[in-house]
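Read the structure below first, then the notes.
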Amino acid sequence: MENSYGIAAMWSQSDAVIKAVAISLLMMSIASWCVILLKARKLYLLNRPLKGSMEFWHSQDINSGLKLLYATGTVQTPFSKLVNEGLDAKKHHAQYKADLHGSLPLSEWITTCLRTSIEDSKTNLQQGLAILASVGSTAPFIGLLGTVWGIYHALVAIGASGQAGIDKVAGPVGEALIMTAFGLAVAIPAVLGYNALTRGNKRVINRLNHFAHELHAFMVIGSAPTKTNGKKQVKKSESTVLNTNEVSR
């Protein structure tokens, strides 16, 4: 038996505004789920490089250590990109000392290149999160717009017929309230996905900052920072060391 109060009945009885609201919510849901799945996959592929950044300094040479920083095969990651940028910066500074940047100390030049690499990686990781934030904040109100519009037309129809019994009100009003449920069904996954992806990105960026600090010391001094009393230190003769706070800006 066909349900006269279901979604199909609402769709068949609704006007262009309700249909536009429903289609908008559907498109927002598809967009948010695409972002969630794609960004979650990217974070999953960064698990190996995250561990590799900690094992990097136990490698025999920089090339073998660099292999630990790729996701699968030769797929570039923020960590492998950081090492390559550091190596290129050091090589470029030595090769083109006559250029303007050649007058900069090697430490400052490498600092700038590593910071730029981290900012590019941060931008790449955060791409798409604005979609989730927008969907999470606007979908409930779009659903509420459909509800208000549906209730308005239901009340107009009831007033025109002159019959205000519960059997006349329950159907139209219940169908209109479905739009509120649609809005919440779209917004809740978007908000939860945004929070989860933000935490995952923050974890990657924090580790990338620490790794950049170690890499900077290796590029300038020729060795990774040593641990003294549980804290990483480098030679004090090198006055300019990559500042983790500066990198995270």
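Plus 211 on top of the position in the sequence shown (first one is 1) and you've got my numbering. Cβ coordinates follow ideal geometry from the N, Cα and C atoms, glycine included.
| Check | Outcome |
| --- | --- |
| Which term fits Leu336, buried or exposed, when burial requires 16 or more other beta carbons within 10 angstroms of its beta carbon? | buried |
| Find the nearest neighbour of Phe422 within the set Ala233, Leu261, Ile234, Ala242, judged by alpha-carbon distance. | Leu261 |
| Between Ile416, Val397, Arg418, Tyr405, which lies nearest to Ile234 when the distance is taken from Cα to Cα? | Val397 |
| Can you grab the Cα-Cα spacing for the pair Glu266 / Lys413, in whole Å? | 20 angstroms |
| Check whether the region 343 to 351 and the region 400 to 410 touch, using three or more Cβ-Cβ pairs below 8 angstroms as the test. | yes |
| Distance check for Met238 and Lys438, CA to CA, integer angstroms please. | Low confidence applies here, because Lys438 scores a pLDDT of 47, under 50, leaving its location unreliable and the question unanswered by this model. |
| Determine whether the beta carbon atoms of Ser270 and Val346 lie at a separation below 9 angstroms. | no |
| Would you mind working out which of Ile229, Val232, Leu236, Pro289 sits nearest Leu256, comparing C-alpha positions? | Pro289 |
| Using DSSP with H/G/I as helix, E/B as strand and the rest coil, what is Val286? | coil |
| Go ahead and pull the three-state DSSP assignment for Tyr155. | In this structure the chain extends from 212 to 460, so residue 155 is not present and cannot be described. |
| From what residue to what residue does the alpha helix (DSSP H) around Tyr255 run? | 227 to 256 |
| Short of 8 angstroms in beta carbon distance, which residues of its chain neighbour Ile416, apart from the five on each side in sequence? Order them along the chain. | Ile329, Ser332, Lys333, Leu336, Ser459 |
| For Arg245, is the classification buried or exposed, using 16 other Cβ atoms within 10 angstroms of its Cβ as the cut-off for buried? | Rather than Arg, the amino acid found at residue 245 in this sequence is Cys. It is exposed - the Cβ of Cys245 has fewer than 16 other Cβ atoms within 10 Å. |
| Taking the CB atoms as reference points, tell me whether Ala387 and Ala365 lie closer together than 9 angstroms. | yes |
| In whole angstroms, what is the alpha-carbon distance linking Ser268 and Glu425? | Reading off the sequence shown, one finds Trp at residue 268, where the question assumed Ser. Cα to Cα, Trp268 sits roughly 9 angstroms from Glu425. |
| Pull up the distance between the alpha-carbon of Leu280 and that of Ser264, whole angstroms please. | 6 angstroms |
| At what residues does the alpha helix (DSSP H) containing Gln337 begin and finish? | 317 to 337 |
| Can you check whether the CB of Leu343 is closer than 9 angstroms to the CB of Gly408? | According to the sequence shown, residue 408 is Leu rather than Gly. A contact, by the Cβ cut-off of 9 angstroms. |
| Quick check on the DSSP output: the alpha helix (DSSP H) that includes Ser275 runs from which residue to which? | 273 to 278 |
| Short of 8 angstroms in beta carbon distance, which residues of its chain neighbour Glu296, apart from the five on each side in sequence? Order them along the chain. | Cys324, Leu325, Thr327, Ser328 |
| Could you compute how far the alpha carbon of Thr283 sits from the alpha carbon of Gln306? | 32 angstroms |
| Between the beta-carbon of His427 and the beta-carbon of Ile321, is there less than 9 angstroms? | yes |
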